[in-house]
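Peer 1: The following block contains the structure, expressed as structure tokens.
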Amino acid sequence: MNESTNRLWRAGCIGLLASVVPLAAAAMPAPKLDFSEFEMRLAQEVAPDPGLSAFYGAHQLKPVFVGAEAAPRRAALIDAIATAPEHGLPPARYDAVGLSRAGQAEDVATELLFARALSRWADDVSNGLVEPSRTDSMNKRQVVPVDMAALLDQFTRGDPARALDTLPPQDPTYLRLKDMLSDQARLVAPAGTPEVAEGLYKRGVSGPDVANLRARLAAIGFTSEAAGDEQLFDDSLADAVSRYQDAAGLPVDGVAGPKTLAQLNGTTTGPQTRRLMIAMERMRWLNGHDLNARMIWVNIPSYIVEIREGGDTVFQTRSVVGQPDPDWETPEFSDTMEFVVPNPYWNVPRSITAESYLPKLKADRNAVSHLEVVDRKGRKVSRENIDFGKYTGSNFPYYLRQKPSADNALGRVKFMFPNKYNIYLHDTPAKGLFSNSSRAASHGCVRLADPFDLAYQLLRSNSDDPRGYFQRVLDQGEERWIKLKEPLPVHLVYFTALPGPDGGLRTYRDVYGRDATLWQAMRKAAEAGS
């Protein structure tokens, strides 16, 4: 490289650092003019990756994975990535084989190989394999990015293995899911165990493939004692198949058909394994939140709203969530509960006004008489002065609202965590819905079976007598926003599988079909990285 080219390269590198590594400005002295070729190429290569830019900006473009101190750092990263299957993550995505083959190479390519693997691993194991918003239009969750500069500080100044150990969620629920996934991994027969040919194996069937079925089950701990003939499918083998199906999350019928054989032969991921991997992915999306804090936990598929403290449930009530319709599903996101609102007005959402009420008002201006018509400033407008026929849902200049009452669509109280999706928790006069096993029936908000009890829980920091305090405000009959002295996080989540208090896995119906789209996105991400 001639001197003029060298000067241009140095100038470009300095400009690159100024634009993509803002952290470096605070960490570094004035840009020097003696960048090595190693540093300049490194700067160019990491520029498109904000995490790596911050990583190397904080380290003044010094190598991390090559040089005298590189060996323990490389080893720590290789060891961490080796645990990928325990987290339901694909090792090939992080080029585990390439890292192991790198040997003692000391060039920029080796530095970048390890750096990119670290960046991808840190992001995946901390925040999830896929971006939440790419899995479903109603998934509004925002993950908390990994602080790569802080990770670098721990990684280079302390124990690199310990720094990497802090990346995955440490929440007990995640760790329990991880243990359950390990249990599922033990359902895979060792290499060399005979596979079972396609077919339908049940009591009375005989042949060499029945013996292979018996042997493959025995290899993973599901033994059966043949009553004299290894090739006969007898009651003992049917029992072993049933036990395997139960452990694998398959329908238990004691018959080894296509689904059972596909999982037993290792040609497909079983339903229980998929449930666990999906649940772990959703837990990683929550990794930036303190799940041991006092919080409200709204698990949409379970139709339950809880208050949790230190990870334990201290209050719960049944709920009704949004209908399984693209316009009415309850979204996933986190926010902060700030207000309890006794005697709420129901401000009718624009979508409901356009779809349900405006057509009725066009036909009869006195229709839906329980609703007031108000202008943009909240002032009541006489219906006699409105020509409803000339408006559509998009240009209707008024709003509809229902006054506080026992018949109000929101009931007697609502709970506000102000958000742009206009989602909140509330009471309802339609109490009969809570006796249904399937309770996806709202327009997106979350209705509560025991709203007053929730109010007492939330108002405990506002009054020594939260029950009496709430009742006095309620008796006034007017809407009032009570600001909580103890605001608390609220998480609207979508878990179709979670560990229960008994240690087993509790499963819930995938009411919105979000598991299938998430699993597809996870598989796509795994394949793209391999």
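So for the sequence shown, my numbering puts the first residue at -19; every next one is plus one.
For each residue, glycine too, the CB sits at the ideal point set by N, CA and C.
Computed from a predicted structure; not experimentally measured.
Taking the alpha-carbon positions, what's the P311 to D139 distance?
Peer 2: For this step, residue 311 is matched to residue 331 along the sequence shown. For this step, residue 139 is matched to residue 159 along the sequence shown. Each residue's alpha carbon lies about 40 Å from the other.
Peer 1: How many whole angstroms separate the CB atoms of R381 and V348, which I take to be in contact at a CB cut-off of 8 Å?
Peer 2: Translated into the one-based positions of the sequence shown, residue 381 becomes position 401. Translated into the one-based positions of the sequence shown, residue 348 becomes position 368. Going by Cβ atoms, the distance from R381 to V348 rounds to 11 Å, so no, they are not a contact pair.
Peer 1: Kindly give me the distance between the Cβ atoms of L69 and Q164, rounded to whole angstroms, as I take these residues to be in contact under 8 Å.
Peer 2: One-based indexing of the sequence shown puts residue 69 at position 89. One-based indexing of the sequence shown puts residue 164 at position 184. No, L69 and Q164 are not in contact; Cβ-Cβ is about 15 Å, not under 8 Å.
Peer 1: Looking only at its chain, what residues have a beta carbon closer than 6 Å to the beta carbon of M118, apart from the 5 residues adjacent to it on each side?
Peer 2: Within the sequence shown, numbered from 1, the residue matching residue 118 stands at position 138. The answer, listed in chain order, is E309, P311.
Peer 1: Could you spell out where the alpha helix (DSSP H) holding A102 opens and where it closes?
Peer 2: Translated into the one-based positions of the sequence shown, residue 102 becomes position 122. Its alpha helix (DSSP H) spans residues 88 to 107.
Peer 1: Quick check: what's the CA-CA separation for V353 versus F414?
Peer 2: Mapped onto the sequence shown, residue 353 falls at position 373. Mapped onto the sequence shown, residue 414 falls at position 434. Approximately 31 Å, taken between the alpha carbons.
Peer 1: Applying the criterion that 16 or more other CB atoms from any shown protein chain within 10 Å of the CB defines a buried residue, is G302 buried or exposed?
Peer 2: Counted from its first residue, the sequence shown places residue 302 at position 322. Looking at its Cβ environment, which holds 16 or more other Cβ atoms inside 10 Å, G302 is buried.
Peer 1: Helix, strand or coil, according to DSSP, for A23 in the structure here?
Peer 2: Position 43 of the sequence shown, counting from 1, holds the residue named residue 23. A23: helix per DSSP, three-state reduction.
Peer 1: Apart from the five residues just before and just after T188, which ones in its own chain have a Cβ nearer than 8 Å to its Cβ?
Peer 2: Your numbering for residue 188 matches position 208 in the sequence shown. It should be pointed out that residue 188 corresponds to Pro in this sequence rather than to Thr. The answer, listed in chain order, is Q211.
Peer 1: To the nearest angstrom, report how far apart V123 and N107 are at their CA atoms.
Peer 2: Reading the sequence shown from its first residue, position 143 is the one you call residue 123. Reading the sequence shown from its first residue, position 127 is the one you call residue 107. Distance between the alpha carbons of V123 and N107: 6 Å.
Peer 1: Nearest to P125 by alpha carbon, out of A55, L147, L472?
Peer 2: If you number the sequence shown from 1, residue 125 lands on position 145. With distances taken between Cα atoms, P125 lies closest to L147.
Peer 1: Can you find at least 3 beta carbon pairs, one from the stretch 239 to 258 and one from the stretch 219 to 231, that sit closer than 8 Å?
Peer 2: These segments touch.
Peer 1: In this structure, how does DSSP classify L428 when only helix, strand and coil are distinguished?
Peer 2: For the purposes of this step, residue 428 is taken as residue 448 along the sequence shown, with counting starting at 1. Strand at L428.
Peer 1: Span of the alpha helix (DSSP H) holding M260?
Peer 2: Reading the sequence shown from its first residue, position 280 is the one you call residue 260. Counting along the chain, the alpha helix (DSSP H) containing M260 begins and ends at 251 to 265.
Peer 1: Under the three-state reduction of DSSP, which class applies to D163: helix, strand or coil?
Peer 2: Looking up residue 163 in the sequence shown gives position 183. Looking at D163 - three-state DSSP - the assignment turns out to be helix.
Peer 1: Comparing C-alpha positions only, which one of V190, P306, G484, S299 sits nearest to R156?
Peer 2: Along the sequence shown, read from residue 1 onward, the residue named residue 156 stands at position 176. Ranking the options by Cα distance to R156, first place goes to G484.
Peer 1: Helix, strand or coil for S117 per DSSP?
Peer 2: Position 137 of the sequence shown holds residue 117. Reduced to three states, the DSSP call for S117 is coil.
Peer 1: If you check the beta carbons only, do V77 and I280 fall under 8 Å apart?
Peer 2: Residue mapping note: residue 77 aligns to position 97 of the sequence shown, counting from 1. Residue mapping note: residue 280 aligns to position 300 of the sequence shown, counting from 1. No, these two residues do not count as a Cβ contact at 8 Å.
Peer 1: Does G483 get closer than 8 Å to chain D when you measure Cβ to Cβ?
Peer 2: Absent from the structure: chain D. Only one protein chain is present.
Peer 1: Which runs of the beta strand (DSSP E), 3 residues or longer, sit entirely within the stretch 277 to 344?
Peer 2: As far as the stretch 277 to 344 is concerned, its whole beta strand (DSSP E) runs of at least 3 residues are 284 to 289, 292 to 302, 313 to 322.
Peer 1: Under 8 Å between the Cβ atoms of Y154 and M260?
Peer 2: Position 174 of the sequence shown, counted from the first residue, corresponds to residue 154. Position 280 of the sequence shown, counted from the first residue, corresponds to residue 260. Their beta carbons are under 8 Å apart, which means Y154 touches M260 by this criterion.
Peer 1: Answer with buried or exposed for D59, where buried requires no fewer than 16 other C-beta atoms within 10 angstroms of its C-beta.
Peer 2: Reading the sequence shown from its first residue, position 79 is the one you call residue 59. D59 comes out exposed.
Peer 1: Whose C-beta lies closer than 6 Å to the C-beta of M263 among residues of the same chain, with five residues either side of it excluded?
Peer 2: To locate residue 263, count along the sequence shown from 1; it is residue 283. Same-chain partners within the cutoff: P149, Y154.
Peer 1: Would you call the CB atoms of P174 and N192 closer than 8 Å?
Peer 2: Working through the sequence shown from its first residue, we reach residue 174 at position 194. Working through the sequence shown from its first residue, we reach residue 192 at position 212. Against a cut-off of 8 Å, the Cβ pair of N192 and P174 comes out as a contact.
Peer 1: Identify whether F395 lies in helix, strand or coil by the three-state DSSP scheme.
Peer 2: Walking along the sequence shown from the start, residue 395 turns up at place 415. In the structure shown, F395 sits in a strand (DSSP, three-state: E or B).
Peer 1: DSSP state of S422, grouped into three classes?
Peer 2: The count along the sequence shown starts at 1 and reaches residue 422 at position 442. Strand.
Peer 1: Measure the Cβ-Cβ separation of R114 and F313 and say whether it is below 8 Å.
Peer 2: The residue labelled residue 114 in the question sits at position 134 within the sequence shown. The residue labelled residue 313 in the question sits at position 333 within the sequence shown. Against a cut-off of 8 Å, the Cβ pair of F313 and R114 comes out as no contact.
Peer 1: Going by DSSP, which residues form a beta bridge with L69?
Peer 2: Within the sequence shown, the letter at position 89 stands for residue 69. BP columns for L69 are empty, so no partner.
Peer 1: By the DSSP assignment, the beta strand (DSSP E) with R137 in it spans what residues?
Peer 2: For this step, residue 137 is matched to residue 157 along the sequence shown. Run containing R137: none in the beta strand (DSSP E); it sits in the alpha helix (DSSP H), 128 to 137.
Peer 1: Please name the residue, chosen from Y371, D151, Y181, that lies closest to G268 on a Cα-to-Cα basis.
Peer 2: Residue numbering aside, residue 268 sits at position 288 when the sequence shown is read from its first letter. G268 has its Cα closest to that of D151, out of Y371, D151, Y181.
Peer 1: In angstroms, rounded to a whole number, what distance separates the CA positions of F395 and L167?
Peer 2: The residue labelled residue 395 in the question sits at position 415 within the sequence shown. The residue labelled residue 167 in the question sits at position 187 within the sequence shown. Their Cα atoms are separated by approximately 46 Å.
Peer 1: Thinking G391 and P377 are a contact (beta carbons under 8 Å), I'd like their distance in whole angstroms, please.
Peer 2: As a working note, residue 391 is residue 411 in the sequence shown. As a working note, residue 377 is residue 397 in the sequence shown. G391 to P377, Cβ: 29 Å. No contact.
Peer 1: Only counting the same chain, and skipping five residues up and downstream in sequence, which positions put a Cβ closer than 6 Å to that of Q456?
Peer 2: Walking along the sequence shown from the start, residue 456 turns up at place 476. Contacts found: none.
Peer 1: State the beta-bridge partners of S186 as determined by DSSP.
Peer 2: As a position in the sequence shown, residue 186 is number 206, starting the count at 1. Answer is L212, bridged to S186.
Peer 1: Cβ atoms of V285 and H471: under 8 Å apart, would you say?
Peer 2: As a position in the sequence shown, residue 471 is number 491, starting the count at 1. As a position in the sequence shown, residue 285 is number 305, starting the count at 1. Taking 8 Å as the Cβ cut-off, H471 and V285 do not qualify as a contacting pair.
Peer 1: Whose C-alpha, out of A505, A506, D490, K504, is nearest the C-alpha of P251?
Peer 2: Along the sequence shown, read from residue 1 onward, the residue named residue 251 stands at position 271. The candidate whose alpha carbon is nearest that of P251 is D490.
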